[in-house]
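In the working numbering, the protein residues as written are 825 to 1611. Note that the Cβ used here is the ideal one computed from N, Cα and C, for glycine as well. Note that the structure is a prediction, hence the values are computed from the model and not measured. What follows is a short report on a single structure.
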Amino acid sequence: MLENIRNLPFSIIHRSGTKSWFGLGLALSVGLGLSGCSSDGDGDASTRFTVGGDVSGLDGMLVLQNNDKDDLSLTADGGFIFSEALAKDASYAVTIKTQPAGQRCTVSQGSGTLTANVTDVAVACVTPVASAAYVTNNTDGTVSTFSADATTGALTGTGSAIAAGALPQAIAVEPTGRFAYVANTNDPIRTFAIDSDTGALTKVDDLNPTGNQPKAVAVDPSGHFAYMANATSNNISIYSIDGDTGTLTSVGSPVPTGSSPSSVAVDASGRFVYVTNRGSNMLSVYKRDPADGTLTPVPDSPYLTGGLPAAVAVDPGSQFVYVANNGSNDVSIYKIEPITGTLTVFAGLTFPARSDPTGIAVDPTGRFVYVTNGGDSSISQYTIDPVDGELAEIGVLTNIGLNPDAVSVDPSGRFVYVVNRGGDTIGTFSVDQTTGALSVAGTAVAAGDGPNSIGLSPLKRFVYTANSDDDSVSVYASDAASGALTFMGKTEVGDEPGSVAVSSTGRFAYVANSDDDTVAAYTVDRVNGNLTAVGMAIPTGSHPQAVTFHPDNQVIYLANRDENTVAAYKIDDVGALTALGSALATGPLPSAIAVSPDGSTVYVANSGGLGGVSVFKVVATTGQLAFFRSASTGSDPQSITVDPTGRFAYVANSGSNNVTVYRINAANGDLTFQTPPVTTGASPQSITMDLTGRFAYVANKDSNSISTFSIAQDTGYLTVTGSPVPTGREPVAIRLDATGRYAYVTNSGDDTISTYSVDLETGALTEVGDPVATGREPAGLSLTGSR
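Structure, rendered in structure tokens:
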């Protein structure tokens, strides 16, 4: 029967276009007696069902299978149905047999048990975005540029190496991937613009003075400042970065370090800067002012390292610091105190490495450490204990290339690149996503003469909207250069998702499903941002409304609106959740959650009754909560946030059209009113602030606008700057991306998301392009890598 239908002038097997094919398919089933027709003749036709869905983004030939058979070839976007119908209660599992050339497709909603015709399998295809790799060649004074294949990690040289300066020592790429900076031993630091399409470098300027013999350079996570360690003048130079041109301007006088500084790193929070001092076997630690980039030594700095410290790395959770010691063949480990920045030396002081360690890197998930050993041409591989940062060796990869020097992990966490100084090559290694173990990925590629450092431009970041009225989460890629959004796919979730949260590492996402009282866990695809479920959604309290991460990405907190509770869940290695004790009572109708930057305190805004904020202390060893006290707010609070320094908290009160400002007690997290409430637009729903803590933004639902405020650094008080910025209808959520350069707003009244560029000096917002369609009634909003 199905063979006959294939010969008709229309087809229910596959049709390009919209989902209108479902209606056609059902009509055919009724009209021709096909409901549940079987290709194998087994069973009653009325108890057999088909499996189908939709494919998007396809450019080429894709072959799908159901239950490892029934091949289905597709060449265009649109609906599809497998030819073989299956018996009622049979299992189905849609998988990809053959990927289209040059693309990567993923399946969601692809498995289950048949109780009716399945029409919601979603296949999303993308052309992987190639990142760029840059290698400084010390001997010939150049920078080599490579494109990095997002699927295989393979490097391909793009054009000829370009002049960098005399004896280039290090390169750093700023977070948006628009500019790169090269430290030259005998020349000024040089600025290059990066072509967003090709990755090619163009020199911007080389007019910036340095100290003597600059050895290393790093850029802070906001992309506002660069830091350069000068080996023979024993200091660190500070530069501000022009957000439009990338040019550098010196900030004050160089700051003293120890003897012969050899490497520099800024932690992921942007609060601290670390410098290894090769000549004095010490690690200098500085607290960074996010507003002007200046540095102040933290208490007890500098700290003792092993012999001849060569390189420093910080885990992405800003919890641990690792130093590779070239002279003593080991790694020093330190735990970061998040408020003061002081370090606690790990009890064992050092962990053994191999011969002559020269480079060190931590992967983006904070689970693995890699150390290059120049003396025996090997890479030591370690796992990180998430509690104390201790390292456990998982193996050593030998014969990787002659005299390996620098090592770097790509932003997706799937590949490691090693610069082989003695062999003038770059080696590529794939990362086992479960164990962290490395394996060789292809042949090493040629660099210039004497390569000694490597910088990688970031892959796309992703934006997620929880669409409460069509039970889905939409995924968008954000363009690093313009902030513009590209739709990547949609994942069906539970009933009425009220909130979505993505870890800062971009590894896991969690969705609170309000109407079915569950929270669902997902892994995030590093190439296309799409979500894959981790097991089944787990039960929560009644009407879960908000979900957020602890800064260490190991615990989430969930507010149950109709049960008036907050619950904590532990995240395991694959993203699955386990409840941490019982849920605790909040005030009436908890609507939003915020966590202090140091992870010590959780704040819950309660929208019922007279409103209020419930304050909970976090048990440091487990992540569990203990009730502390309550604080009053305005009427109907809908959103709460804490500034990046952890000094102030802000609550947007929808019923009283204002924001309540609190000072946070640094000792216990308690809240005290700092100023009178600040007037906003009508029905403020969401409040957020920039990375520096200088500007705050409020989405006003009933006035279709965003209010912008400057923040007084001593009191936290808000002052309106400029006129309200128009949005779509009924904006309900606003967030800034990880670079602080772009803001995104969900408009629940017209089912869109708007993009705005952020003026880094004034905080002003300017809309970028037209709003992009979401699902129905977008509510929650989350971005990878953002606060």
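Could you tell me if residue i is buried or exposed, where buried requires 16 or more neighbouring beta carbons within 10 angstroms of its beta carbon?
i	result
residue 1093	buried
residue 915	exposed
residue 1039	buried
residue 1123	exposed
residue 913	exposed
residue 1110	buried
residue 1587	buried
residue 874	buried
residue 1296	buried
residue 793	Missing from the structure shown is residue 793; the chain here goes from 825 to 1611 and no further.
residue 1307	buried
residue 1263	exposed
residue 1562	buried
residue 887	exposed
residue 1513	buried
Closest to residue i by CA distance: which of the options is it?
i	options	result
residue 1568	1302, 1491 and 1209	1302
residue 889	1594, 922, 1080 and 1245	922
residue 930	1384, 878 and 908	878
residue 893	886, 885, 883 and 906	906
residue 1003	1365, 1012, 1034 and 1047	1047
residue 813	1449, 1263, 1150 and 1493	For the chain, the structure presents residues 825 to 1611; residue 813 sits outside this window and is missing.
residue 1011	965, 1168 and 1258	965
residue 1112	1238, 1097, 1073 and 1106	1097
residue 1258	1276, 932, 1269 and 1237	1237
residue 920	1407, 1049, 896 and 1552	896
residue 976	969, 955 and 961	955
residue 943	1399, 1294, 1190 and 904	904
residue 1008	1035, 917, 1017 and 1525	1035
residue 1637	1251, 1393, 1256 and 1396	The chain is shown only over 825 to 1611; residue 1637 falls outside these bounds and no answer can be derived.
residue 1613	1192, 1371, 1335 and 1197	Past the boundaries of the shown model lies residue 1613; the chain is included only from 825 to 1611, so the question cannot be answered.
Return the CA-CA distance between residue i and residue j, expressed in angstroms with no decimal places.
i	j	result
residue 1401	residue 1337	15 Å
residue 1246	residue 1280	21 Å
residue 1543	residue 1456	22 Å
residue 1331	residue 1585	32 Å
residue 1234	residue 990	27 Å
residue 1538	residue 1207	41 Å
residue 851	residue 1360	With a pLDDT of 33 at residue 851, under the threshold of 50, the modelled position of this residue cannot be trusted; read the value that follows with caution. Distance between the alpha carbons of residue 851 and residue 1360: 33 Å.
residue 1136	residue 1209	18 Å
residue 987	residue 1269	20 Å
residue 1227	residue 1100	21 Å
residue 1490	residue 1498	14 Å
residue 1347	residue 1078	44 Å
residue 848	residue 902	Any reading at residue 848 is ruled out, since the residue's pLDDT is 31, under 50, leaving its predicted position unreliable.
residue 1515	residue 1605	17 Å
residue 1166	residue 1469	16 Å
residue 1521	residue 1081	38 Å
residue 983	residue 1443	54 Å
residue 1510	residue 1328	20 Å
residue 1065	residue 1050	7 Å
residue 1576	residue 1465	24 Å
residue 1459	residue 1479	5 Å
residue 1053	residue 1534	33 Å
residue 1529	residue 971	41 Å
residue 1594	residue 1299	17 Å
residue 967	residue 1216	35 Å
residue 859	residue 911	Because the pLDDT at residue 859 is just 35, under 50, the model does not fix this residue reliably, and the point stays unresolved.
residue 1523	residue 979	43 Å
residue 1071	residue 1015	7 Å
Check: How do the segment 1144 to 1157 and the segment 1119 to 1132 stand: do at least 3 beta-carbon pairs fall below 8 Å, yes or no?
Finding: Because the criterion of three Cβ pairs below 8 Å is met, the segment 1144 to 1157 and the segment 1119 to 1132 touch.
Item checked: Contact the segment 1312 to 1332 vs the segment 1287 to 1303: 3+ CB pairs below 8 Å -> As far as the Cβ criterion goes, the segment 1312 to 1332 touches the segment 1287 to 1303, which means the pair count is three or higher.
Margin query: Does the structure place the segment 1351 to 1364 close enough to the segment 936 to 951 that three or more beta carbon pairs sit under 8 Å?
Written below: With the cut-off at 8 Å, the segment 936 to 951 and the segment 1351 to 1364 touch.
Notebook entry, point to check: Below 8 Å, can you find three or more Cβ-Cβ pairs linking the segment 1465 to 1478 to the segment 1496 to 1509?
Noted result: Counting C-beta pairs closer than 8 Å gives three or more between the segment 1465 to 1478 and the segment 1496 to 1509, which meets the contact rule.
Notebook entry, point to check: Which ranges would you report for the beta strand (DSSP E) in the segment 1015 to 1072 if only whole runs of at least 3 residues count?
Noted result: Given a length threshold of 3 residues, each whole run of the beta strand (DSSP E) inside the segment 1015 to 1072 is given here in chain order: 1025 to 1032, 1038 to 1043, 1049 to 1054 and 1059 to 1065.
Notebook entry, point to check: What residue ranges within the segment 1095 to 1164 form continuous beta strand (DSSP E) runs of no fewer than 3 residues, ordered along the chain?
Noted result: Qualifying beta strand (DSSP E) stretches, in chain order: 1096 to 1101, 1106 to 1112, 1119 to 1121, 1133 to 1138, 1144 to 1149 and 1154 to 1160.
Item checked: Unbroken stretches of the alpha helix (DSSP H), 4 residues or longer, contained in the segment 1160 to 1246 -> Entirely contained in the segment 1160 to 1246, not one alpha helix (DSSP H) run reaches 4 residues.
Margin query: Any contact between the segment 1199 to 1206 and the segment 1245 to 1262? By contact I mean 3 or more CB pairs, one from each, below 8 Å.
Written below: With a cut-off of 8 Å, the segment 1245 to 1262 and the segment 1199 to 1206 count as touching, because enough Cβ pairs lie within range.
Note to self: Could you tell me which whole beta strand (DSSP E) segments of length 3 or greater appear in the segment 1436 to 1510?
What the structure shows: Runs found: 1437 to 1442, 1449 to 1455, 1461 to 1466, 1472 to 1477, 1482 to 1488 and 1495 to 1497.
Checklist line | Every unbroken beta strand (DSSP E) within the segment 1513 to 1559, with a cutoff of 3 residues, ordered by chain | finding: Runs of the beta strand (DSSP E) lying entirely within the segment 1513 to 1559 and spanning at least 3 residues, in chain order: 1519 to 1524, 1529 to 1535 and 1542 to 1544.
Margin query: Taking 8 Å as the cut-off, does the segment 1430 to 1439 touch the segment 1407 to 1415 (at least 3 CB pairs, one atom from each stretch)?
Written below: They touch, by the three-pair rule.
Next item on the list: Identify every run of the beta strand (DSSP E) within the segment 918 to 975, keeping only runs that are complete inside it and at least 3 residues long; order them along the chain.
Entry: Those beta strand (DSSP E) runs which fall completely within the segment 918 to 975 and span 3+ residues are 928 to 932, 935 to 937, 942 to 950, 955 to 961 and 966 to 972.
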